[in-house]
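Worksheet for the structure shown next.
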Amino acid sequence: MTEFTGHPLFDTADHLPHQIDSLVGYPSLSGFLSAFGDNVSADWRQSALFLKRHTSTPGSYARFRGEVQRFLNWLWVIQTKTLVSVNEDDLDEYLAFVKRPPASWVTLDRGTGKKPEKGSGRQRSFHSADGGRVANPYWRPFVGSGIRRKKASLESCVAILSIYFKKLVSAGYLDRSPVTEMSRNSKKAETGGKAGAKGKIKTVQRAPRLTKWQWIYLHDTLVDAANKDDRYERHLFTVVTMKTLYLRVFELAPHGEKLADNEYAHEPIMGDFSQTTVENDRYWHVYIHGKGDEPRHIPVPNAYLPYLKRYRAYRGLPPIPTPDEPEPLLTRHDRKTPLYSKRSVERLVEASMELAIAKLKAEGKPDAAAEFEQFKRVTHILRHTGASIDLEDGRPLRDVSEDLGHASPAFTEQIYIDPDAARRYTTGQKRLVV
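Quick note on this note's numbering: the sequence shown kicks off at 2 and runs consecutively.
Structural data, given as structure tokens:
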């Protein structure tokens with residue numbers, strides 16, 4: 002491929018709403034879309050509406066815009082297809098393309114000289130001229146020549162496409178998401194390995210979790226500690242909430258901080274707990290602003306409510322939250338100032354694990370204490386533990402998957418369920434050496 006024949010598609014977050022209203026000020030883009038036909042123009046509009054949802058979050062908008070522009074240019078120019086006809090094989094081919102894009106699709110690095118070459122480095126998509134927005138002729142979908150895409154970049158690509166297609170399905174533009182049928186290797190975005198390893202299957206890494214005994218021991222340790230000293234009420238509430246509601250750390254108390262993936266999080270408040278009516282029955286649920294800017298409502302078990310009431314009593318609040326109650330969900334020792342970082346939540350979980358470790362050592366159980374030591378900093382283990390135990394106890398896979406915020410039950414099953422594992426390890430443990 003000797004020439005790049007694509008085109009920048011979406012303007013900055015400030016200009017996007019006006020761009021969606023009319024392409025009159027974008028003559029070259031209008032001509033580019035028209036050359037492909039009405040279906041491509043419809044693809045562009047649906048994609049622009051998807052991106053509009055993220056204009057208030059600069060980091061998310063930049064990442065989503067970059068990936069969607071790349072994908073659509075590849076889809077229209079190279080595959081000569083539209084979104085409606087995309088299948089899983091196309092996505093496998095796209096990831097292979099992303100790993101090693103052709104030179105014509107990549108802007109040059111700025112080089113080592115004092116004066117960079119014109120058109121090198123990251124380029125803006127459009128600039129203002131002649132009363133409109135003119136496409137930058139130096140813009141390319143990729144930046145940096147001769148560099149194989151990093152594994153993290155490929156994983157981000159898959160994650161963004163998953164959210165993108167899911168929204169197109171929910172908007173009624175597509176019937177299904179092709180991401181759910183992608184090959185396992187492509188979803189893992191493998192970038193390493195030697196040639197000739199055809200047919201080699203990589204073992205699936207199961208989610209780390211506590212055994213039911215370990216969970217009960219941790220729970221009882223925290224209840225005892227909180228009964229003796231109310232400063233541990235925060236620890237008890239945090240651990241029980243993460244396990245029972247399948248929460249990630251940042252979903253519990255990010256408080257508007259800038260996350261590692263450049264997303265800005267929702268600030269959890271007590272008013273996120275509310276009641277809803279389903280088939281004439283009233284249920285408690287909690288609003289969660291999750292990964293990938295995805296909101297979800299998680300049903301709250303009746304057995305969880307006493308822990309919520311207990312924690313609210315510690316905070317000096319009435320037993321039941323009121324709609325939109327602005328009180329922060331987690332606070333510092335003063336019971337009023339909200340926690341502002343993921344690390345603060347992680348410290349509460351680590352301190353909770355330390356309590357269990359100290360108790361086990363005092364009871365003369367060093368091996369059990371050593372097991373807790375191994376995962377005391379793996380805060381995701383509480384989310385995994387809650388989902389795994391509920392699945393073992395018979396909760397439907399689809400329900401657990403929805404509450405976890407997974408794209409599909411198939412993904413949940415792959416990570417959390419291994420029906421033959423117990424038998425395999427039992428028989429494996431009984432094997433003889435001689």
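Positions of the beta carbon are idealized from the N, C-alpha and C atoms, including for glycine.
### Environment of residue 102 [buried if 16+ CB atoms lie within 10 Å]
Classification of residue 102: buried, given that the 10 Å Cβ count is 16 or more.
Open item on the list: I'd like the span of the alpha helix (DSSP H) that includes residue 327, first residue to last.
Closed with: Taken as a continuous stretch (DSSP letters only), residue 327 belongs to no alpha helix (DSSP H), as it is neither H nor E.
Between 404, 20, 243, 254, which lies nearest to residue 341 when the distance is taken from Cα to Cα? Here the closest residue by C-alpha is 254.
When 317, 240, 298 are compared against residue 356, the one with the closest alpha-carbon = With distances taken between Cα atoms, residue 356 lies closest to 240.
Chain-order list of residues whose beta-carbon lies under 8 Å from that of residue 411 (same chain, five-residue window excluded)
181.
Report task. Would you tell me roughly how many angstroms separate the C-alpha atoms of residue 391 and residue 401, rounded to the nearest one? Result -> Rounded to the nearest angstrom, the two C-alpha atoms are 8 Å apart.
Between the Cα of residue 389 and the Cα atoms of 376, 319, 405, 378, which residue gives the shortest distance? For residue 389, the nearest C-alpha among the options comes from 405.
Note to self: Between residue 323 and the ligand ZN, is there a pair consisting of the residue's CB and a ligand heavy atom that are separated by less than 7 Å?
What the structure shows: In the structure shown, the ligand ZN is absent, as is every other ligand, since no ligand is present at all.
Practice task
Go through its chain and collect everything with a Cβ distance to residue 28's Cβ below 7 Å, but skip five positions before and after it.
Solution key: Excluding sequence neighbours, residue 28 sits near 133.
_Alpha carbon of residue 291 to alpha carbon of residue 77, nearest angstrom_ = Straight-line Cα distance between these residues: approximately 32 Å.
Environment of residue 20 [buried if 16+ CB atoms lie within 10 Å]
Here residue 20 is buried: its Cβ has 16 or more other Cβ atoms, across all protein chains shown, within 10 Å.
*Return yes when the Cβ of residue 326 is within less than 8 Å of the Cβ of residue 380, no when it is not.*
Contact flag unset, no.
Original post:
In three-state DSSP terms, what is residue 130?
Top reply: For residue 130, the three-state secondary structure derived from DSSP is strand.
- prompt: Tell me which same chain residues have a C-beta within less than 7 Å of the C-beta of residue 4, skipping the five on either side of it?
  reply: 105, listed in sequence order.
Output needed for residue 407: all residues of its chain with C-beta closer than 7 Å, excluding positions within five of it in sequence on either side, in chain order. Same-chain partners within the cutoff: 413.
field: Stretch pair the segment 273 to 286 + the segment 232 to 249: three plus CB contacts closer than 8 Å
entry: With a cut-off of 8 Å, the segment 232 to 249 and the segment 273 to 286 do not count as touching, because too few Cβ pairs lie within range.
- Does DSSP put residue 307 in a helix, a strand or coil? In the displayed model, residue 307 falls within a helix according to three-state DSSP.
(request) Tell me, to the nearest whole angstrom, how far the beta carbon of residue 48 is from that of residue 73; I am working on the premise that it is less than 8 Å. (result) Residue 48 to residue 73, Cβ: 6 Å. Contact.
Should the segment 306 to 314 be called in touch with the segment 361 to 371, which here means at least 3 C-beta pairs below 8 Å?
Output reads no: the segment 361 to 371 does not touch the segment 306 to 314.
Please go through the same chain and pick out, in chain order, the residues whose beta-carbon is closer than 8 Å to the beta-carbon of residue 18, but skip the five residues on each side of it.
Cβ neighbours of residue 18 beyond the five flanking positions: 53, 56.
Inset, instruction - Out of 375, 300, 343, 331, state which residue places its alpha-carbon closest to the alpha-carbon of residue 396. - result: Comparing alpha-carbon positions, the option among 375, 300, 343, 331 lying closest to residue 396 turns out to be 300.
With distances taken between CB atoms, is the gap from residue 287 to residue 223 smaller than 8 Å? Taking 8 Å as the Cβ cut-off, residue 287 and residue 223 do not qualify as a contacting pair.
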